[in-house]
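Student: First, the structure itself, so that you have it in front of you.
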Amino acid sequence: MNDIGNLVLSGDLQICIASSMEKATDHVENHDRPLFIAAENYPSANNVVDKNFLECASRKNLRILIEYPAQVHGLEFGKLNRVQHERTVVTSGFFGDKLPEQTILVQHNCWFNQVATPVRPHLALAHVAGYRNAVFGIPEIRHPLLFQHPEYQNVMILTTLFSNLISARFAPKVDWQILMQALLTWLNNDNKVECSWESCVRPMFSRDEAIPDDSEQLAFRHNAGWFHRNIFFEHAGSIGVFEGFISGIDYAGHQSPRPKTRGDCTGESVMVTALDWAVNRNPASLEVTDRVMNTLFKGPELPDNNPRSQTYGCLKFYEYLPAYYGDDNCRAAISCILASELTGNYGHAESIIRCLLSILRTTGTQGFRRGRLDNPKSFMDGKTWKDYHDEEYVEYRPHYQASIWAAFLQAHVLTGHMEFLDKAKNAIRMTMERFPNLVWTNGITQEYARLLLPLAFLVQVEDTAEHRNWLKTVTVKLLEQMQPCGAIRDVMGDPAYGKYPAPQYNEEYGSTEASLIQENGDPACDLVYTVNYAFIGLHEASIATNDCIYIEAENRLAAFLCRIQVNSASHQYLDGCWMRGFDDELWEFFGSSADNGWGAWCVESGWTNTWIAATFGLRQLKRSLLCRKNSEYYRRIFPGILSEMQIVHKTGGREANAVTVAPGAE
16 MNDIGNLVLS GDLQICIASS MEKATDHVEN HDRPLFIAAE NYPSANNVVD KNFLECASRK
76 NLRILIEYPA QVHGLEFGKL NRVQHERTVV TSGFFGDKLP EQTILVQHNC WFNQVATPVR
136 PHLALAHVAG YRNAVFGIPE IRHPLLFQHP EYQNVMILTT LFSNLISARF APKVDWQILM
196 QALLTWLNND NKVECSWESC VRPMFSRDEA IPDDSEQLAF RHNAGWFHRN IFFEHAGSIG
256 VFEGFISGID YAGHQSPRPK TRGDCTGESV MVTALDWAVN RNPASLEVTD RVMNTLFKGP
316 ELPDNNPRSQ TYGCLKFYEY LPAYYGDDNC RAAISCILAS ELTGNYGHAE SIIRCLLSIL
376 RTTGTQGFRR GRLDNPKSFM DGKTWKDYHD EEYVEYRPHY QASIWAAFLQ AHVLTGHMEF
436 LDKAKNAIRM TMERFPNLVW TNGITQEYAR LLLPLAFLVQ VEDTAEHRNW LKTVTVKLLE
496 QMQPCGAIRD VMGDPAYGKY PAPQYNEEYG STEASLIQEN GDPACDLVYT VNYAFIGLHE
556 ASIATNDCIY IEAENRLAAF LCRIQVNSAS HQYLDGCWMR GFDDELWEFF GSSADNGWGA
616 WCVESGWTNT WIAATFGLRQ LKRSLLCRKN SEYYRRIFPG ILSEMQIVHK TGGREANAVT
676 VAPGAE
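Printed below as a string of structure tokens:
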């Protein structure tokens, strides 16, 4: 039985359901109840509706809903198509005031049959921008989805499949319930129909539901298990880390994995396994931690291990792609330092320090680094790492800079090397002098959230009134967006400083990276760019200061994240993870999925899940992310690595060019 069939049965309606035209014809000839003709074998279209059937239904004034037919008398269909960037839009007043014209609904990657005959649709597919409303109107190019037959008004045609709306995860749920109630009410001879269902991928707890006292322990254990089941993979004797799952949801409700490995996601993942060992004494996690770091630093895919290379010691963005982001490398390094301390395994310490020095030597005199360096593209015409080390580059953009400063402060604690400290302090000072007018990537909230970690580390390294004031200033600004439920909503900043804002016209939707919101006030929070970094930042601020403003905010955010962890029996590969977009009013995973690479339903193993899970683990241990243990070992090995990294190689070390999609290449 399909989803609409279950709704009909649960509502004890008079509607009959036919799964073939043979059964439908028999019903029309011998019965007087309204009929839903369900499509079978979707996305193939099979049912052919002839004139005799339509005439018979018309004579008896039977209301008929025909789903995804191949042919219908009186209508000309084109070819079957799959949705690209189009979304479902309300185009008439059929659904009433609760679902007015220009309302946007999401069917994900559905298939539809093009209609060449002029019709007056109630729903259409169109390439529109907006959160839940088509803010720039509905373009002329639109594909009818739901309409009454021009010659037989008792017959409603669907050019796509609705009978899988629950299993295919149509969103948002509340609007689809309104839509289905109106549609089934019409089909039920205008006798009112109520519809409700439970989503197959949903938050762990409702907004107001009491959560268990051990909800944080359960959330952490659940997510650690998710990593083992779905993210780590064996290959040729080594272990790799999937990036996660794409945002695109296919016509059956499934999300495909992102199978490529990334330096940042791989490095960040060891926080979760090391903490699972420290908290739960899971020996499988202990083993995986070392094997993943071995892949990260010694495998052929991710590290640049050529001593003559200008990016020696760095980690690639994607496997074999020589694009080197400073923030990604530094988050991986911080994670591996924590994993080393928790497991007592310092076998990768030299590689970690070399990675940090590789970033340090390509960071300019003011403490800012270019967001991304490509090898060889960034080192043409005799350019070396020293050219970047000596330049006075400045970019007030925590998205790219904040993780570098946090890693430099961590590196200073372990090695005592003053350049780490001096560059971090200077860049933070310059940024705070500019605050809050910062360059922002997908939203300004994420820039504030990312600043928290280096500021909290700075208080732990040098506890001064000024450093505490900086931390509080940023926190207060960020918490302006915290909701009573604990969500931190995304907002966009001054357009003059924005890199990837919301689409500015319909055609821009889905064409580049973008915000999860269309306008400030849209109730979405971002777990790839904002909430995850706010969580670890607030935790470190609580540890550094023991101030109630940070403790209370951290606790509220922790409870919120426990509530919105994914719960799904039918999509086990998602069960226990966190997705990118969450709407705290709808209380479901949702957002304007305008981003062409990492949309609202994407799942990032690094960035999102590692930092959220790691913060839960650190809370259970009641400890800081900042590591101090075994600094004498780091200081002993540091001079030799530093000497090696100070050599300027003028030639050689060039990697092969690679072409692939990488973010932030504006």
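Just add 15 to the spot in the sequence shown (first one is 1) and you have the working numbering.
Glycine included, C-beta positions come from ideal geometry on N, C-alpha and C.
Bear in mind the structure is a predicted one, so any value in this text is a computation, not a measurement.
1) Taking 8 Å as the cut-off, does the segment 199-219 touch the segment 127-146 (at least 3 CB pairs, one atom from each stretch)?
2) For Lys94, report the span of its beta strand (DSSP E) as first-last.
3) Since Gln475 is in the beta strand (DSSP E), which residue starts that stretch and which ends it?
4) Could you tell me the distance, in whole angstroms, from the CA atom of Asp27 to the CA atom of Gln196?
5) Among Ile32, Lys75 and Pro84, which one has its Cα closest to the Cα of Asn56?
6) Leaving aside the five residues before and after Asn672 along the sequence, list all residues of the same chain whose C-beta is less than 7 Å from its C-beta, in chain order.
7) Give the secondary structure of Ala186 by DSSP, where H, G and I count as helix, E and B as strand, and everything else as coil.
8) List the whole-angstrom C-beta distance separating Tyr548 from Ser530, where the pair is believed to meet the contact cut-off of C-beta under 8 Å.
9) On the premise that Trp191 lies in contact with Leu180, defined as a C-beta separation below 8 Å, what is that separation, rounded to the nearest angstrom?
10) Starting from Trp126, follow the beta strand (DSSP E) in both directions and report where the run begins and ends.
11) Would you report the Cα separation of Leu202 and Leu50, rounded to the nearest angstrom?
12) I'd like to check one pair, Ala347 with Asp279: are the Cβ atoms closer than 8 Å?
13) Taking 8 Å as the cut-off, decide whether the C-beta atoms of Leu317 and Thr380 are in contact.
14) Between which two residues does the beta strand (DSSP E) containing Ile172 stretch?
15) Would you tell me roughly how many angstroms separate the C-alpha atoms of Glu209 and Lys94, rounded to the nearest one?
16) Which stretch, first to last residue, makes up the alpha helix (DSSP H) that contains Gly282?
17) Return the first residue and the last residue of the beta strand (DSSP E) that Asp598 is part of.
18) I need the DSSP call for Cys563, collapsed to helix, strand or coil.
19) If you scan the segment 521-580 from start to end, which runs of the beta strand (DSSP E) of 3 or more residues do you find wholly inside it?
20) Just to confirm before moving on: does the CB-CB distance between Cys345 and Ala289 stay below 8 Å?
21) Go through its chain and collect everything with a Cβ distance to Tyr520's Cβ below 8 Å, but skip five positions before and after it.
22) Report, in whole angstroms, the separation of the C-beta atoms of Asn124 and Arg97, which I expect to be a contact under 8 Å.
23) Which residue wins for smallest C-alpha separation from Phe312, given the options Glu365, Met286, Ile349 and His269?
24) With DSSP run on the structure shown, which of helix, strand or coil describes Asp205?
25) Closest by CA to His4, which one among Pro654, Glu70 and His554?
26) Using a Cβ-Cβ cut-off of 6 Å (strictly less than) and excluding sequence neighbours within five positions of Leu120, which residues of its own chain qualify?
27) Going by C-alpha distance, which of Phe235, Glu410 and Ala338 is nearest Asn452?
28) May I have a chain-ordered list of the alpha helix (DSSP H) segments no shorter than 4 residues that lie completely inside the segment 29-92?
29) If Gly20 sits next to Ala72, beta carbons under 8 Å apart, how far is it from one beta carbon to the other, in whole angstroms?
30) By Cβ distance below 7 Å, which residues in the same chain neighbour Arg376 in space, the five residues on each side in sequence not counted?
31) Since Met15 sits in a beta bridge, which residues does DSSP pair it with?
32) Please state whether the Cβ-Cβ distance between Ala439 and Gly525 is less than 8 Å.
33) Out of curiosity, what's the CA-to-CA distance linking Asp112 and Val474?
34) Would Ser262 and Trp602 be called neighbours here (beta carbons separated by less than 8 Å)?
35) Measure from the alpha carbon of Cys31 to the alpha carbon of each residue in Pro391, Asp65, Ser59 and Ile81, then state which is nearest.
36) Tell me the start and end of each unbroken beta strand (DSSP E) in the segment 308-359 that is at least 3 residues and wholly inside, in chain order.
Tutor: To lay it out plainly:
1) no
2) Phe92 to Arg97
3) Element bounds for Gln475: not the beta strand (DSSP E) but the alpha helix (DSSP H), Ile459 to Val476.
4) 14 Å
5) Pro84
6) Because the pLDDT of Asn672 is 48, which lies under 50, any placement of that residue in the model is unreliable, and the number read from its coordinates should be weighed accordingly. Here the set comprises nothing.
7) strand
8) 16 Å between Cβ atoms; not a contact.
9) 6 Å
10) Trp126 to Val130
11) 8 Å
12) yes
13) no
14) Val170 to Leu173
15) 35 Å
16) Gly278 to Asn295
17) Gly596 to Asp598
18) helix
19) 539-541
20) no
21) Ala144 and Phe151
22) 6 Å
23) Glu365
24) coil
25) With the chain covering 16 to 681 only, the question about residue 4 has no answer from this structure.
26) Thr103 and Asp190
27) Glu410
28) 36-45 and 66-74
29) Not quite, the Cβ-Cβ distance comes to about 20 Å (not below 8 Å), so this is no contact.
30) Trp400, His404 and Met660
31) The requested residue 15 is not part of the displayed model; the chain covers only 16 to 681.
32) no
33) 53 Å
34) no
35) Ile81
36) 338-340
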